[in-house]
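2 protein chains.
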Amino acid sequence: MTPAVVCPVPPADSPLVLLAHGGGGRLMRRLIDEVFRPAFADPALDAQHDGAVLPAGPHRLAFTTDASVVRPLFFPGGDIGSLAVNGTVNDLAMSGARPLYLSAAFVIEEGLPVETLRRVAASMKLAVDAAGVRVVTGDTKVVDRGKGDGLYLSTAGVGAVEHDRDIGPAAVRPGDAVLLSGDIGRHGMAVMAVREGLGFETPIESDCAPVAAPVLALLAAGVDVRCLRDPTRGGLAAALTEVAEVAGVRVHVEEAAIPVSEPVRGACEVLGLDPLAVACEGRFVAFVAAGDADRALAVLRGYPVSAGACRIGTVEAGADGLVTITSTVGTRRIIDVGSGEQLPRIC
Amino acid sequence: MTPAVVCPVPPADSPLVLLAHGGGGRLMRRLIDEVFRPAFADPALDAQHDGAVLPAGPHRLAFTTDASVVRPLFFPGGDIGSLAVNGTVNDLAMSGARPLYLSAAFVIEEGLPVETLRRVAASMKLAVDAAGVRVVTGDTKVVDRGKGDGLYLSTAGVGAVEHDRDIGPAAVRPGDAVLLSGDIGRHGMAVMAVREGLGFETPIESDCAPVAAPVLALLAAGVDVRCLRDPTRGGLAAALTEVAEVAGVRVHVEEAAIPVSEPVRGACEVLGLDPLAVACEGRFVAFVAAGDADRALAVLRGYPVSAGACRIGTVEAGADGLVTITSTVGTRRIIDVGSGEQLPRIC
Numbered sequence: 001m002t003p004a005v006v007c008p009v010p011p012a013d014s015p016l017v018l019l020a021h022g023g024g025g026r027l028m029r030r031l032i033d034e035v036f037r038p039a040f041a042d043p044a045l046d047a048q049h050d051g052a053v054l055p056a057g058p059h060r061l062a063f064t065t066d067a068s069v070v071r072p073l074f075f076p077g078g079d080i081g082s083l084a085v086n087g088t089v090n091d092l093a094m095s096g097a098r099p100l101y102l103s104a105a106f107v108i109e110e111g112l113p114v115e116t117l118r119r120v121a122a123s124m125k126l127a128v129d130a131a132g133v134r135v136v137t138g139d140t141k142v143v144d145r146g147k148g149d150g151l152y153l154s155t156a157g158v159g160a161v162e163h164d165r166d167i168g169p170a171a172v173r174p175g176d177a178v179l180l181s182g183d184i185g186r187h188g189m190a191v192m193a194v195r196e197g198l199g200f201e202t203p204i205e206s207d208c209a210p211v212a213a214p215v216l217a218l219l220a221a222g223v224d225v226r227c228l229r230d231p232t233r234g235g236l237a238a239a240l241t242e243v244a245e246v247a248g249v250r251v252h253v254e255e256a257a258i259p260v261s262e263p264v265r266g267a268c269e270v271l272g273l274d275p276l277a278v279a280c281e282g283r284f285v286a287f288v289a290a291g292d293a294d295r296a297l298a299v300l301r302g303y304p305v306s307a308g309a310c311r312i313g314t315v316e317a318g319a320d321g322l323v324t325i326t327s328t329v330g331t332r333r334i335i336d337v338g339s340g341e342q343l344p345r346i347c
Numbered sequence: 348m349t350p351a352v353v354c355p356v357p358p359a360d361s362p363l364v365l366l367a368h369g370g371g372g373r374l375m376r377r378l379i380d381e382v383f384r385p386a387f388a389d390p391a392l393d394a395q396h397d398g399a400v401l402p403a404g405p406h407r408l409a410f411t412t413d414a415s416v417v418r419p420l421f422f423p424g425g426d427i428g429s430l431a432v433n434g435t436v437n438d439l440a441m442s443g444a445r446p447l448y449l450s451a452a453f454v455i456e457e458g459l460p461v462e463t464l465r466r467v468a469a470s471m472k473l474a475v476d477a478a479g480v481r482v483v484t485g486d487t488k489v490v491d492r493g494k495g496d497g498l499y500l501s502t503a504g505v506g507a508v509e510h511d512r513d514i515g516p517a518a519v520r521p522g523d524a525v526l527l528s529g530d531i532g533r534h535g536m537a538v539m540a541v542r543e544g545l546g547f548e549t550p551i552e553s554d555c556a557p558v559a560a561p562v563l564a565l566l567a568a569g570v571d572v573r574c575l576r577d578p579t580r581g582g583l584a585a586a587l588t589e590v591a592e593v594a595g596v597r598v599h600v601e602e603a604a605i606p607v608s609e610p611v612r613g614a615c616e617v618l619g620l621d622p623l624a625v626a627c628e629g630r631f632v633a634f635v636a637a638g639d640a641d642r643a644l645a646v647l648r649g650y651p652v653s654a655g656a657c658r659i660g661t662v663e664a665g666a667d668g669l670v671t672i673t674s675t676v677g678t679r680r681i682i683d684v685g686s687g688e689q690l691p692r693i694c
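Chains as they are written, first to last, in this note's numbering: chain D, 1 to 347; chain E, 348 to 694.
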């Protein structure tokens with residue numbers, strides 16, 4: 001066999017990520033050993049195998065994935081790491097599952113400071129600890145300069161469904177109460193404010209947070225939960241419309257009942273955006289049987305992340321899949337989900 | 348609330364992916380409905396929920412992830428779609444697991460032809476069918492022109508570990524036989540040949556293929572399987588070195604026993620590469636108890652993907668974590684895993 005070609009040896013202590021960090025050699029292992037393994041400190045990662053082998057119990061599984069491409073990587077209230085973790089944890093919670101395990105796949109643009117990776121990994125670790133989950137497997141790839149945007153981060157999550165309910169749009173029935181866990185629009189406006197250089201007196205912080213605890217508490221309390229949905233991309237408008245369409249029902253909400261903070265409302269006015277269409281990352285909508293609505297709100301208000309829970313509407317008969325809203329001045333209109341990208345790359 | 352800003356409406360039938368396709372609105376749903384849902388045709392996807400809820404049985408789980416950033420997207424013998432699926436399926440198999448479910452997260456550069464996405468999705472579907480797995484959940488993000496390279500694709504996989512063995516480097520013992528499932532270097536050289544514009548008489552095809560079937564057959568036959576590893580990035584050299592280091596043993600192989608096809612050998616000579624360091628995507632190394640080696644080879648040779656299985660070496664006493672090789676002319680040397688990127692972005 002031919003000898004390996006002699007390449008210039010990349011500096012082992014480069015403060016910037018090099019293409020060589022993605023090659024499967026010593027530099028990649030060093031990056032993993034020095035940045036990712038200490039950050040997540042998990043025996044499943046220390047086994048250094050291609051996948052993690054994990055106990056799961058006798059339950060059904062929930063499985064979900066997110067690609068995070070937010071720009072900038074850091075914003076008030078979060079960063080791409082906490083966003084990826086909470087996004088995946090919350091998607092599992094929306095299946096009524098207890099989040100257990102996360103994977104993390106990093107696509108890094110050559111030239112990203114290694115220190116940035118460390119900050120992202122540290123933020124992910126705080127987020128997984130807060131959510132009670134573990135990062136158990138991962139992958140690291142490096143792409144050429146100009147072929148990325150610093151860092152893209154894909155997470156997948158596995159959770160245990162510890163009940164027999166089928167939570168989803170198909171379970172929604174006319175008469176169900178529509179609950180919202182708190183005020184909307186913080187995440188989208190926090191990112192947009194940074195990106196557009198808007199200097200508000202009070203910076204808007206993303207609501208990025210895990211919502212699994214109040215969801216599991218609803219289920220433990222025996223609340224008849226029909227469907228759960230987190231209003232991320234496309235905001236509350238898209239979340240409600242998707243459920244209405246798939247469930248084949250009409251959903252009606254009251255604008256006056258939907259909490260929007262003053263800073264978010266102000267920023268939306270400046271940018272000409274509708275808060276209903278702005279992403280949240282720590283909120284969810286719960287469709288519950290009408291008779292359980294008050295009890296559900298009491299449960300939700302016991303958790304800081306959903307302390308602002310309120311009832312915003314009702315599922316109505318009508319298979320048209322529409323979402324209607326009564327405005328603060330009493331007029332009723334149809335909520336239209338936009339055709340495209342109101343706020344690019346906010347998650 | 349302020350009315351939604353009136354944006355120019357993007358054309359719904361654009362043949363190119365637009366930023367608007369990533370915004371959570373109608374265009375994104377149309378892309379998902381017209382490209383991804385038909386391609387994967389799975390009830391879990393039709394539920395249109397944030398995550399999939401799935402039966403798993405009483406077994407331990409295997410969980411793994413891959414980010415695929417191969418360039419070009421299509422190459423002889425495969426493409427980014429089949430590569431992502433087989434990479435994840437094979438990582439599950441390396442844990443001794445039966446692959447069950449896959450997630451797929453697409454990071455698409457604005458301007459990618461929708462037709463390219465269709466081709467990738469169709470290729471993924473062929474690959475998941477061949478491997479007997481299902482794509483059950485996904486995510487779609489679009490990044491600005493110049494901030495990607497067409498398409499990055501992250502897959503995660505869940506499998507069931509239907510046995511009580513702990514397969515991994517920690518189980519490797521001196522005396523174990525080192526088996527290789529076929530010839531090496533096809534995938535890396537197939538990609539490099541396209542990228543470097545090398546015109547070989549016989550194009551080299553990637554070995555990209557699922558290897559779960561022969562792995563499960565080994566386990567079903569009761570072969571004492573100690574560790575499994577697929578020689579992807581960094582090739583056979585990196586795979587053996589990683590196992591030797593983590594296991595704390597010495598691994599010795601015979602160069603004459605390691606199959607390399609003539610086209611791969613020739614291409615490696617042209618490019619000055621060592622076939623031992625070139626990635627495979629349809630091969631694996633099995634460390635098995637010495638007494639089971641012949642039986643294991645007989646099992647492997649019963650499957651087309653591992654018909655070329657052979658014994659290449661032995662685990663020796665010695666906690667130095669080194670891999671040594673006896674060359675075809677009889678000299679013994681240490682295999683060094685390169686420090687960095689011999690072949691960037693081949694997976």
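Glycine included, every Cβ here is placed at the ideal spot set by N, Cα and C.
Amino acids of chain E, ordered along the chain, whose beta-carbon sits closer than 7 Å to that of residue i
| i | result |
| --- | --- |
| Y152/D | V454, Y499 |
| Y101/D | F410 |
| T137/D | F410, T411, T412 |
| G266/D | Result: empty, since nearest Cβ-Cβ is about 10 Å, beyond 7 Å. |
| A156/D | T412, S450, A503 |
| V69/D | V454, K488, V490 |
Distance, residue j Cα to residue i Cα
| i | j | result |
| --- | --- | --- |
| A409/E | L54/D | 6 Å |
| R301/D | D294/D | 11 Å |
| V483/E | E616/E | 43 Å |
| R576/E | V178/D | 50 Å |
| V489/E | V382/E | 15 Å |
| I335/D | V288/D | 21 Å |
| A351/E | A93/D | Low per-residue confidence applies at A351/E: pLDDT is 39, beneath 50, and the placement is therefore not dependable enough to give any value. |
| G157/D | A44/D | 15 Å |
| G544/E | G485/E | 34 Å |
| E457/E | L365/E | 5 Å |
| F453/E | V646/E | 37 Å |
| G330/D | V194/D | 35 Å |
| E552/E | R533/E | 6 Å |
| M348/E | V508/E | The predicted position of M348/E is uncertain, since its pLDDT is 36 and thus under 50; no value can be drawn from it. |
| G175/D | G291/D | 9 Å |
| I611/E | P622/E | Note that residue 611/E is Val in the sequence shown here, rather than Ile. Roughly 8 Å between the two C-alpha positions. |
| A217/D | D496/E | 43 Å |
| S674/E | A603/E | 7 Å |
Residue nearest to residue i in terms of C-alpha spacing, selected from the options
| i | options | result |
| --- | --- | --- |
| L112/D | A209/D, L73/D, H187/D, E162/D | L73/D |
| R37/D | E109/D, L117/D, S14/D, E162/D | L117/D |
| A656/E | P390/E, R377/E, F631/E | F631/E |
| T241/D | L153/D, G23/D, V323/D | V323/D |
| R145/D | S103/D, L216/D, A20/D, T314/D | A20/D |
| V211/D | I346/D, A239/D, D91/D | D91/D |
| L430/E | P610/E, K472/E, E456/E | K472/E |
| D183/D | E281/D, A221/D, Y152/D, L218/D | E281/D |
| L620/E | T502/E, V646/E, A643/E, G582/E | G582/E |
| I346/D | T202/D, V120/D, M189/D, V128/D | M189/D |
| A207/D | V225/D, S306/D, G291/D | Note that residue 207/D is Asp in the sequence shown here, rather than Ala. Of the candidates V225/D, S306/D, G291/D, the one whose C-alpha sits nearest the C-alpha of D207/D is S306/D. |
| V69/D | G369/E, E663/E, V598/E | G369/E |
| A444/E | V475/E, A614/E, H510/E | H510/E |
| P691/E | F75/D, G81/D, I108/D, D79/D | I108/D |
Residue i: contacting residues in chain D (beta-carbon distance under 8 Å)
| i | result |
| --- | --- |
| P691/E | L19, G22, G23, V142, D144 |
| A585/E | G24, G25 |
Beta-carbon neighbours of residue i, restricted to chain D and to distances below 9 Å
| i | result |
| --- | --- |
| V684/E | G24, G25, R26, R29 |
Residues that residue i contacts on chain E, provided the C-beta gap is smaller than 8 Å
| i | result |
| --- | --- |
| D149/D | V490, D491, K494, G495 |
Range of the contiguous alpha helix (DSSP H) that encloses residue i
| i | result |
| --- | --- |
| K472/E | 461-478 |
| D657/E | Reading off the sequence, residue 657/E comes out as Cys, not Asp. C657/E -> not in any alpha helix (DSSP H); beta strand (DSSP E) instead, spanning 657-663. |
Chain E contact residues for residue i, given Cβ-Cβ distances below 9 Å
| i | result |
| --- | --- |
| R332/D | None at all; the shortest Cβ gap to chain E is about 14 Å. |
| G234/D | G370, G371, G372, M375 |
Under 7 Å from the C-beta of residue i: neighbouring residues of chain D
| i | result |
| --- | --- |
| T508/E | The sequence given here has Val at residue 508/E, not Thr. Neighbours of V508/E on chain D, chain order: V53. |
Original post:
Taking any Cβ of chain E, which residues in the region 39-67 of chain D have a Cβ under 8 Å from it, in chain order?
Top reply: If the cut-off is 8 Å between Cβ atoms, the region 39-67 of chain D has A47, Q48, H49, D50, G51, A52, V53, L54, P55, A56, P58, H59, R60, L61, A62, F63, T64, T65, D66, A67 near chain E.
Subject >> Cβ-based contacts, 9 Å cut-off: residues of the region 180-202 of chain D near chain E >> reply: Within the region 180-202 of chain D, no residue has a Cβ that lies closer than 9 Å to any Cβ of chain E.
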